[in-house]
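Each step along the sequence shown adds one to the number in our numbering, with nothing skipped, and position 385 is 1232.
We treat Cβ as the ideally placed atom computed from N, Cα and C, and that holds for glycine.
A short write-up of the structure that comes next.
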Amino acid sequence: MRKEITVVQAACAYEPELFKTAFGFKGNKLTGVWQVVVGLWDGTDVGIGLGIESVLWSDSAVFASYGEDKSNALMYQVTQHAARLVQGKTFTAPSELLDYVFDDCYRYAVEITGMEVTETFVLNALVPFDMAAWQLWARKTGSDRFDDIFAGTEHCEQLANIPLITYGVPVETVVQMAKEGTCLFKIKLGCDPDGDGDLQKMLLWDQKRVLQIHQALRSIPTSYTESGHILYYFDANGRYDTKERLAQLTDFLKAEGIAERTVLFEEPFAPENEVFVGDMGIPFAADESAHSLRDVKRRIELGYKALTLKPIAKTVTVTKRMAEAAYAANVDCFCADLTVNPLMVEWNKNFAARLKRLPGMKIGIVESNGAQNYVRWEQMKGYIPRAETQSDGSIYTLDEAFYRNAGGLYETPTHYLQLVCDQNPHFMR
């Protein structure tokens, strides 16, 4: 439905949330993440969008240069810049707003950081902005079904919730999760065990870690996979340097019977390291390296067999375009997490529920690790407008009501609206 919508006011707010323990990946650590909120008001209705800032994930160079707090503040400035740009702007589709601000926001990010930031850094900053545009658009047009954003290929009845196994998670904890119903584990690789950057030590640590987990899980059955075995999803976050070193790991996985249970191996190399991986006998997936449609097409040329979708990290608008390009090239898609809050889990679930099942899986999948990591997860669940929404657990059941109301996505989250109003006293007045 075509309708002109004018942004009368745009405002931003943020709320830091701490993790239970330091969250380690990419050779560094996070103590928490900022929950960022954007409100777009047209004089009558308001769209509220949420995002979380993960500078370490989106641009580790910025994180290393500025540290956790300063880099969060810099990303937040980009979000604020986008809000300033659209005040008074008229749009007929949410994607128009993102396209309108992106280039300007990228230039602004380069200016304030003094660095050639990644496109993903900017997209991460624009997630709440884009989400607010979609919610306001839905409110004005009555398009309050997620199929109006992304119809996908099917409506899954169940989604397996993938937990994240970081470097410090005990094997005993992994076993307990498996016994409670988890059928697919995302396991972080690329640890720097002595903090000296020695990649051979990293390889040996990775080999030892995956073998310990495999030995602990290999006899535990599950009814959610075709083989009846628990499956693995590895994420190296670009830590490997050469195909030869990576081959030492993949050969090890094959020799130990781990490769046959590996559904995905995400981001073995840094984005600029364009190594062909289509001949290694492992299904590799692109994540951070796929900043744009151009990048998606390049990763496909390099032999990547799957694409990590992150509407909660790269915006719903861009993710929709990436998914369409991937499916056109017969590349699998799945939705991963960014340790988002419970309400943002619903955006991920809605996208994931409409994707084709991955090879080896009987049901759909979506990653969600917030319950493992946030200190205030239970309180944050209370910010979802619909209390009955299922935001954690090993298996999500998606019924007719879920598809009818999109998990309550289009209802205004009172807590986050109040946060915007508290930090911007003139908003909506």
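Pick out the complete beta strand (DSSP E) segments inside the region 948 to 1030, 3 residues or longer, and give them in chain order. 1005 to 1009
Compute the beta-carbon to beta-carbon distance between Glu1001 and Arg1251, rounded to the nearest angstrom, for a pair I have assumed lies under 8 Å. The pair is not a contact, with the Cβ atoms about 16 Å apart (cut-off 8 Å).
Determine, using beta carbons only, whether Thr967 and Glu851 come nearer to each other than 9 Å. no
Given Ala972, which residues of its chain have a CB within under 6 Å of its CB, disregarding the five upstream and five downstream residues? For Ala972, where only same-chain residues beyond five positions count, the Cβ hits under 6 Å are Met922, Val925, Thr926.
CB of Ala1106 within 9 Å of CB of Asn1197, strictly: no
Residue span of the alpha helix (DSSP H) that contains Cys1268, given as start and end: 1261 to 1270
So, under 8 Å CB-CB, Leu1154 and Val1163 are touching, yes? Tell me the CB distance rounded to an integer number of Å. Incorrect: roughly 15 Å between the Cβ atoms, too far for contact.
In chain order, which continuous runs of the beta strand (DSSP E) of length 3 or greater are located wholly inside the region 1138 to 1165? The beta strand (DSSP E) runs lying completely inside the region 1138 to 1165 and spanning 3 residues or more are 1153 to 1156, given in chain order.
Should Arg1233 be labelled buried (16 or more other beta-carbon atoms within 10 Å of its own) or exposed? exposed
Relative to the alpha-carbon of Phe949, which residue among Gly886, Ala929, Lys936 has its alpha-carbon at the smallest distance? Ala929
Evaluate Glu1148 with the Cβ neighbour count: other Cβ atoms within 10 Å of its Cβ, from every protein chain shown; 16 or more gives buried, anything less gives exposed. exposed
Same chain, Cβ closer than 6 Å to Leu1036, neighbours up to 5 away in sequence not counted: Asp1053, Phe1081, Ala1083
Phe1131 beta carbon less than 9 Å from that of Glu1113: yes
Can you list, in chain order, the residues of its chain with a C-beta nearer than 6 Å to that of Cys1180? Leave out the 5 residues immediately preceding and following it. Excluding residues within five positions, the ones whose Cβ falls inside 6 Å are Leu1154, Leu1156, Ala1170, Ala1173, Leu1202.
Starting from the Cα of Gly999, find the closest Cα among Gln1237, Met1275, Tyr1221, Thr1166 and give me that residue. Cα-wise, what sits closest to Gly999 is Thr1166.
On a CA-only basis, which of Phe993, Asp994, Thr1069 is nearest Glu1027? Give me that one, please. Thr1069
Taking CB distances under 9 Å as the criterion, tell me whether Gly1128 reaches chain D. Here there is only one protein chain, and chain D is not present.
Nonlocal neighbours in the same chain, by C-beta distance under 7 Å from Ser1136, ignoring five residues either side: Glu1114, Pro1118, Asp1142, Arg1146
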